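Heads up: the first sequence is residues 1 to 101, going by UniProt numbering. The C-beta atom is built at its ideal place from N, Cα and C for all residues, glycine as well. Being a predicted model, the structure only gives us computed values, none of them experimental. Worksheet: the structure to be examined is printed underneath.
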Amino acid sequence: MTPQEYVEQVLSLVERIPEGRVMSYGAVADALAERSGRNSSRLIGAIMARHGGGVPWHRVVTSAGRMPPGHEQEARQRLLSEGVPLKGEHVDMALASWQPA
DNA sequence: AAAGTGACGTTGG
DNA sequence: ACCAACGCCACTT
Numbered sequence: 001m002t003p004q005e006y007v008e009q010v011l012s013l014v015e016r017i018p019e020g021r022v023m024s025y026g027a028v029a030d031a032l033a034e035r036s037g038r039n040s041s042r043l044i045g046a047i048m049a050r051h052g053g054g055v056p057w058h059r060v061v062t063s064a065g066r067m068p069p070g071h072e073q074e075a076r077q078r079l080l081s082e083g084v085p086l087k088g089e090h091v092d093m094a095l096a097s098w099q100p101a
């Protein structure tokens, strides 16, 4: 699978994250690991940074529930408005974390 | 081909 | 609970 195809897989998956739920970068990488032969949370971060504009990027956070550097404001507001359980400044991963069936 | 890079993850202080 | 230091790994130069 070419890098471009992988990008499409990642974006497709992010589009399937339901409102009010989130996935960590690592969880996205894990979910596509078998299909893609890749498993790097850092790569997901890079992909979201460059190609995340058209998908619900705010539903992808760090494993600790932190939001992307430089977009904390925007992300927090969007998450709040769609009912993602927050715990102070971070997402309550125990409640919000989702993974595909 | 080799070195640089980073919306990460984990661990130890 | 917060942060720095590492580890990591696939992309980019």
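Distances from the CA of V55 to each of A27, M93, V22 and L95 were compared; the closest alpha carbon is that of V22. Shortest Cα-Cα distance from H58 to any of E74, T2 and V7 involves E74. Within the model, the alpha-carbon separation for R16 versus S81 is close to 18 Å.
In the same chain as P100, and ignoring 5 residues on each side of it, the C-beta atoms closer than 8 Å to its own belong to L13, R16 and A31, in chain order. Contact annotation, G20 with V91: C-beta distance approximately 11 Å; criterion of less than 8 Å not satisfied.
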